[in-house]
Structures are given as C-alpha cells and as structure tokens.
Ligand code: UD1
Ligand code: CA
C-alpha cells in the first residue's frame, strides 16, 4: 500500500465561467489550469494521482499534463463529496492517506502541499485542512472553530449566519484525510438542502462530532488560495502568476523594466544582466542568454533560444528560432523557423516567409552575415557565412546565398564583384 494518493476534483463544468470549455482546461499563461495543480502535486512527491472528471472528460483525458494520472468519471455532478465518493473504489485500498485537491486552485505551491503532508503525518490527524486568512472571504467556505480553537465545521457561503459570514479564515480546498475516516464520514453526509449536492466540506463536522482529530495549516502566501470560478477570478490568478514568474526572473539577475506590461510564461530561462524593456511578450519554451536587451514591444512567441549579448528591438517577432551570440535584430522583423548565427545584423523590416501554405520551412542565416533592410527570405533558404543581402532583396526558396557573396535585387542575384 502506498503512502498517499491524490484525488483531484475536476468534474465541475464551471457554470460561472460561462464557457463550453471545462473549467480546469482554461489556460493560465499558455497552460491549462489543471496542469499547475498536477505539477505541484508531482513536485511535492505525489505520483499516484486520480482525477475525477465529468463535464468534458474526454477533452481532459487528451490533455498532455494529465497523462500518467488516472481519470475516472463522475456521471452526475452531485457535489464535491459525491466526486470523492466516486473515487472510493479506486483509492480506498490504495493508500492509508488521501489528499483531496480542487482542480480550480492552480496557484497552490509545491512547498505548501509538502508542508500540509508533513503536518498531517506529524499530527496523526484524521483530517488536516489547508486554510487561508483573507480580507474578503466572499464565496469561500468559512472555517468555524470553538472557543479553544478546535475546528468544528466548515460552513459554505449560502449557509453562513451573520456571525459566520465575517469569519475570514476560509477553506482553500486542499484536504489530507485518513482514508478510512474520509469514507466513513462521507457515508453520513446528507445532501445540501439548497444545492441538493453532497458537500465534501460536511465531513468536517461529522469527524469533529466523532471526536476525531482535525488540524489545519494556514497558507503563508494568501495569493495561493484563489479558487477560479469566474473569468474575473481567472484574470486575477493570471495576474498573480505573471508577477510570480517575473519575480523569479528578477531573482536570478535580469531586469524587467516594467512588470505591468511584460508577460513571461512560466519556465522561461533568462540569463543574468539581461534587460527586458516594456511591453514584451515571452511565450513558452524560451531561453535567453546573458546581457541581452529585449524589447520594447518584442514578441518571442514560442520555442525561441537566444545566446548572449543579443539585441532584439521593437516590433520584432520570433518563433521557433535560434539566435546566436552578439546578433542584432533591432526593428520590425519577423523570423520563423530560423537559425541565426553569431554577429549577424538583421536590418529593419526583414521577413522570413517560413510558411508556404502547407509546410513550415527553415531559414539559416550563418555567422557574420548582414541582411539589408526590408529583405524577404523565402524558406527553405540558407544565407552563407559573411554574406550580404542587399536592401529590399527577395531571396527565393532554395536559392542559397553563397558565403562571402553579396546579393541584390528582386529576385536576389549574386553581384559580380569584378564588374562592381
Ligand atoms: C469549494 C468548497 C469551499 C472552498 C472552495 C475553495 C465545497 C462544497 N466547497 O467551493 O468550501 O472554500 O471550494 O475554492 O466543496 N466538483 C466535482 N464534482 C461536483 C462538484 C464539484 O468534481 O459534482 C469539483 C469542481 O470541479 C471543483 C471542486 O469540486 O474543482 C469544487 O467545486 P466548486 O463548485 O468550485 O466549489 P466552490 O463553490 O468553489
Ligand atoms: Ca471553486
């Protein structure tokens, strides 16, 4: 029997999102919401993961980050408690403890999950809850404690009495249960009189009444606890995530001049002493070396690798492109599926025609070459080392420019040096 299995609740449609896409597949900085939850679980050492899907279960199963987890289906969405009960036969005998987490809380950090597991083990509790102290508890289940501070129940917003509504300690939606106690107490939960759903949170009062030990851990960073129920929550969470990524980038020694207008997707690698100017977008799978200048208004769409001391200026878009050290691409340029060598100068307005309507084709621009303003490079094509492409040239596909040569005109032809 394993130590712990995680059950991720992700069956809800997310009615408040007003979307046809299942809520947990909505994206935050290029990745589905649920992938963040799964990543935190995996990084905290939990590999045995069961996802309870419902609305859009087939879409969820196809999701890359879900691979490796088991997906089970809750046929009728009868509440978070019913969702956990659906997982019973899969997980009950599998581990002594069960971590239940909502798929719509993507900002929970790995360390928090680790701390919760540790507290659960050390305290020997039947249930260890993750809670948060917030300024505005609206929409969250309130943690109700007795005079001695013991947790006695969780009361959902719609049932909260006035004196409970003002409680600002809320349920984050991450729970560590002793497996036996979870399923014992779940059997006793009655459907909620208003929503007619089985609330997982009602197990708390049942365990308390049975004299079981319930403990809690409060999140250090209250931005972690946000549960995404609406588009407004999603925008708030994206904002928090953006700041986290930018703080990480700054912590390793890069300057981000204007965090408010800069977007950097998680996982970007940015070297020391690189400066990111305002209004820059850095998408997935981007690595930038040291001492570069990026932007303002640069867009590194996806799969971009940049060496050291490179300058990428305003209105430059790069996608699936590698740029080597000390190259300058300073103004109004689009390079797709391109490899650029060292010490290259790409003139203003250079465009690679990388897509021919069927395939994406590659352009190679070798070291020390010079591309004049407004050049069009129709891929696949290679610009040899030290070559010069004249201003306004159209270099046709397959018409590679030899190393050291100069080409001019439309279509580009090699300039005969003897005749000047
Ligand atoms: C829930 C908690 C609340 C807590 C908040 C934290 C309950 C009853 N309330 O409220 O105490 O403060 O999360 O964000 O759990 N789900 C299913 N099947 C269902 C219903 C829900 O899998 O039949 C899943 C949803 O996909 C979601 C999670 O359970 O991931 C929570 O459901 P949701 O409707 O978002 O509950 P909240 O009202 O946010
Ligand atoms: Ca929620």
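Numbering (my numbering), first residue to last: 52 to 471.
A virtual CB, placed ideally from N, CA and C, is assigned to each residue, including glycine.
Margin query: If you reduce the DSSP assignment to three classes, tell me which class residue 396 lands in.
Written below: In the structure shown, residue 396 adopts extended strand secondary structure according to DSSP, grouped into three states.
Notebook entry, point to check: Cβ of residue 157 within 8 angstroms of Cβ of residue 288?
Noted result: Against a cut-off of 8 angstroms, the Cβ pair of residue 288 and residue 157 comes out as a contact.
Notebook entry, point to check: Which residues in the same chain have their Cβ closer than 7 angstroms to the Cβ of residue 477, if we skip the five residues on either side of it in sequence?
Noted result: No information on residue 477 is available, as it lies outside the stretch 52 to 471 that the chain covers here.
Note to self: Here's a check: name, in chain order, each residue in its chain whose Cβ is nearer than 6 angstroms to the Cβ of residue 323, leaving out the five neighbours to either side.
What the structure shows: Excluding residues up to 5 positions away in sequence, 304, 341 lie with their Cβ nearer than 6 angstroms to the Cβ of residue 323 in the same chain.
Notebook entry, point to check: Which residue's Cα is closest to the Cα of residue 204: 240, 234, 279, 172?
Noted result: The option with the nearest alpha carbon to residue 204 is 240.
Check: What does the shell around ligand 2 hold, if a residue joins when its beta-carbon is under 6 angstroms from any heavy atom?
Finding: Here the list is 153, 155, 278, 280.
Item checked: Where residue 52 sits in the DSSP three-state scheme -> Residue placement at residue 52 cannot be trusted, given a pLDDT of 48 that sits under 50; what the coordinates show is reported in the next sentence. Taken through DSSP and simplified to helix, strand or coil, residue 52 comes out as coil.
Notebook entry, point to check: So, using beta-carbon positions, are residue 131 and residue 60 closer together than 8 angstroms?
Noted result: In this structure, residue 60 lies closer than 8 angstroms to residue 131 by Cβ.
Note to self: Please identify the residue among 81, 79, 85 whose C-alpha is closest to the C-alpha of residue 62.
What the structure shows: The option with the nearest alpha carbon to residue 62 is 85.
Check: Looking only at DSSP bridge pairs, what is residue 362 linked to?
Finding: Bridge pairing for residue 362: 344, 379 [DSSP].
Note to self: Within 10 Å of its beta-carbon, does residue 213 have 16 or more other beta-carbons around it, so buried, or fewer, so exposed?
What the structure shows: Residue 213 sits exposed, since fewer than 16 C-beta atoms from the chains shown fall within 10 Å of its C-beta.
Notebook entry, point to check: Would you call residue 133 buried or exposed, if buried means 16 or more other Cβ atoms sit within 10 Å of its Cβ?
Noted result: Label assigned to residue 133: buried.
Check: If you measure from the beta carbon of residue 213 to each beta carbon in chain C, is any gap under 8 angstroms?
Finding: Although the question refers to chain C, the structure presented lacks it and comprises just one protein chain.
Notebook entry, point to check: For residue 461, which residues from the same chain have a beta carbon less than 8 angstroms from its beta carbon, with the 5 sequence-adjacent residues on both sides left out?
Noted result: Within the same chain, residue 461 has close Cβ partners 443, 444, 445.
Check: Should residue 216 be listed as close to ligand 1, given that the test is whether its C-beta is under 7 angstroms from any heavy atom?
Finding: Every heavy atom of ligand 1 is 7 angstroms or more from the Cβ of residue 216, so no.
Check: Considering only residues of the same chain and omitting the five flanking positions on each side of residue 471, which have a CB-CB separation below 8 angstroms?
Finding: For residue 471, the predicted model reports a pLDDT of 48, less than 50, meaning its position is unreliable; a value from the coordinates is still stated below. Counting only Cβ-Cβ distances below 8 angstroms, and skipping sequence neighbours, we find nothing.
Notebook entry, point to check: Is residue 125 near ligand 1, going by C-beta to nearest heavy atom under 7 angstroms?
Noted result: Yes, the Cβ of residue 125 comes within 7 angstroms of a heavy atom of ligand 1.
Notebook entry, point to check: Measuring from the CB of residue 372, is there a heavy atom of ligand 1 at a distance below 7 angstroms?
Noted result: When distances are taken from the beta-carbon of residue 372 to the heavy atoms of ligand 1, even the shortest one reaches 7 angstroms or more.
Next item on the list: Return yes when at least one heavy atom of ligand 1 lies under 7 angstroms from the C-beta of residue 87, else no.
Entry: For ligand 1, not one heavy atom lies less than 7 angstroms from the Cβ of residue 87.
Next item on the list: Just the C-alpha distance for residue 262 and residue 151, rounded to the nearest angstrom, thanks.
Entry: Note on geometry: alpha-carbon atoms of residue 262 and residue 151 lie some 21 angstroms from one another.
Notebook entry, point to check: How is the beta strand (DSSP E) around residue 461 delimited, first residue to last?
Noted result: First-last for residue 461: undefined, no H or E at that position.
Next item on the list: In angstroms with no decimal places, state the Cα-to-Cα distance between residue 298 and residue 308.
Entry: Distance between the alpha carbons of residue 298 and residue 308: 12 angstroms.
Item checked: Cβ shell of residue 366 (< 7 angstroms), same chain only, five flanking positions each side left out -> Counting only Cβ-Cβ distances below 7 angstroms, and skipping sequence neighbours, we find 348, 382, 383.
Check: Taking buried to mean at least 16 other C-beta atoms within 10 Å of its own C-beta, is residue 283 buried or exposed?
Finding: Classification of residue 283: exposed, given that the 10 Å Cβ count is below 16.
Check: What span of residues does the beta strand (DSSP E) with residue 371 cover, start to end?
Finding: Taken as a continuous stretch (DSSP letters only), residue 371 belongs to no beta strand (DSSP E), as it is neither H nor E.
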